[in-house]
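This report refers to the structure that appears directly beneath it.
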Amino acid sequence: MHSSRIQLPDGEHTVVEWHGASEQAPQGVILFLPALGVNVSYYRALGAAWAARGYCVAAAEIRGMHQSSVRDVRRQDFGYREVLADVAHLRQQLSEQTSGRPLILAGHSLGGQFALLQACENPAEVAGVALLAGGSNYFRAMPGALSAWKRGFGLRLIQQLNRSLGYFPGDKLGFGGRQPGRLIRDWTQEALHGRYRLENSDADYEAALRRLELPVLLLSLSGDRFVPRSCADFLADKLTRATVTQRELQAADHGLRAFSHFTWAKSPQPVLDAFQHWSQRLFN
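Shown next as structure tokens:
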């Protein structure tokens, strides 16, 4: 693994951690985006395992996280629009290094949503999109009335706290990390209303999702309390023209009582088996 510091269009910087080399990646090249509040370094075992299977992985630190030059999220406010602009820049740079190999946008949880939205902006530059333990945040997509009520109640608390402070202190609450106000407003917009409507953006992502014709993998994990299969179903229903593959890995098949939304990345073999089956079937 090696890392490179990348300058972004607005003058800020982020870090990309590389696993494998693009010229030695017979299976393709992956731009990987972490979950909300998770540093890219958390995924090093995942990146190494991916590279061992013949992929080149460029795992990007999200704006505002540990290795990003944007650290004071109270003063350096940003939202989905800026994150997607960062991803577009990284994708463009990576495309120049793929040597004709398929470029797959992949992400964990919210990172998967960012990958999907970026693919909607530039579908001709992407071979496919993979959402790992990903789906919609919409509270009504949760299974059962009680789960939906709890999720909606928690979201409104987050919304009010974010509104009061001007940022979200997730680092003190044990969820989501310290995040800027606009990003959490974009996040709660989708989570409370089930629609992407980004601040400071006129883009119609709902229409773009309906138009998208790329292969998309939505991989769910049984026992995942944060993004259960029903949340992936809700997002998949928007992809009316895409070639969607949905699969839920069963924890019992791997000697587990339940998958964790986060720690699967430390022992990623079941997830990578499913990912590789999808990507080889489509691109080889």
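Just so we're aligned, residue 4 is where the sequence shown starts under this note's numbering, counting upward by one.
Virtual Cβ for every residue (Gly too), placed ideally from N, Cα, C.
I need the boundaries of the alpha helix (DSSP H) containing Val73, first residue and last residue. Element bounds for Val73: n/a, residue is neither H nor E.
The beta strand (DSSP E) with Ser112 in it runs from where to where? Ser112 -> no beta strand (DSSP E), and no H or E assigned at all.
Note down the Cα distance separating Tyr83 from Gly67, rounded to an integer number of angstroms. 12 Å
Let me know the secondary structure DSSP gives Gln279 once reduced to three states. helix
Starting from Gln95, trace the alpha helix (DSSP H) both ways and give me its first and last residue. Tyr83 to Ser98
In angstroms, rounded to a whole number, what distance separates the CA positions of Gly173 and Leu186? 12 Å
Buried or exposed, going by whether 16 or more other CB atoms sit within 10 Å of the CB of Asp189? buried
If we count Cβ pairs, one from each stretch, closer than 8 Å, do we get three or more for the segment 100–112 versus the segment 26–33? yes
Grab me the residues of Glu15's own chain with a C-beta within less than 6 Å of its C-beta, minus the 5 sequence neighbours each way, in chain order. Ser72 and Val73
Along the beta strand (DSSP E) that carries Gly180, what are the first and last residues, could you check? Gly180 to Pro183
Does the segment 192–206 touch the segment 144–163, meaning 3 or more C-beta pairs lie closer than 8 Å? yes
What would DSSP say about Pro218, mapped onto helix, strand or coil? strand
I'd like the ranges of any alpha helix (DSSP H) spanning at least 4 consecutive residues and lying wholly in the segment 215–264. 232–239
Output the residue ranges of the alpha helix (DSSP H) runs that lie fully inside the segment 16–65 and measure 4 residues or longer, sorted by chain position. 47–55
Could you tell me the alpha carbon to alpha carbon distance between Ala206 and Arg200, rounded to whole angstroms? 8 Å
So, helix, strand or coil for Gly157, using DSSP? helix
Considering only DSSP beta bridges, list what Arg8 is partnered with. Val18
Contact defined as beta carbons within less than 8 Å: I believe Phe262 pairs with Leu252. What is the distance between those atoms, to the nearest angstrom? 7 Å
What do you reckon, are the CB atoms on Pro183 and Val19 nearer than 8 Å? no
Taking just the CA atoms, how far does Leu212 sit from Gln279? 24 Å
Segment contact, 8 Å Cβ cut-off, at least three pairs: the segment 117–127 with the segment 143–152: no
Work out the CA separation of Met4 and Gly50 for me, nearest whole Å. 8 Å
Alpha carbon to alpha carbon, how far is Tyr208 from Tyr58? 29 Å
Roughly how many angstroms lie between the CA atoms of Val41 and Arg166, to the nearest whole one? 22 Å
Limits of the beta strand (DSSP E) - the one that Gly131 falls within: Gly131 to Leu135
Taking the continuous beta strand (DSSP E) assigned at Phe171, which residues delimit it? Tyr170 to Pro172
Give the secondary structure of Leu195 by DSSP, where H, G and I count as helix, E and B as strand, and everything else as coil. helix
Under 8 Å, with one C-beta from each stretch per pair, do the segment 270–279 and the segment 90–97 reach the 3-pair mark? no
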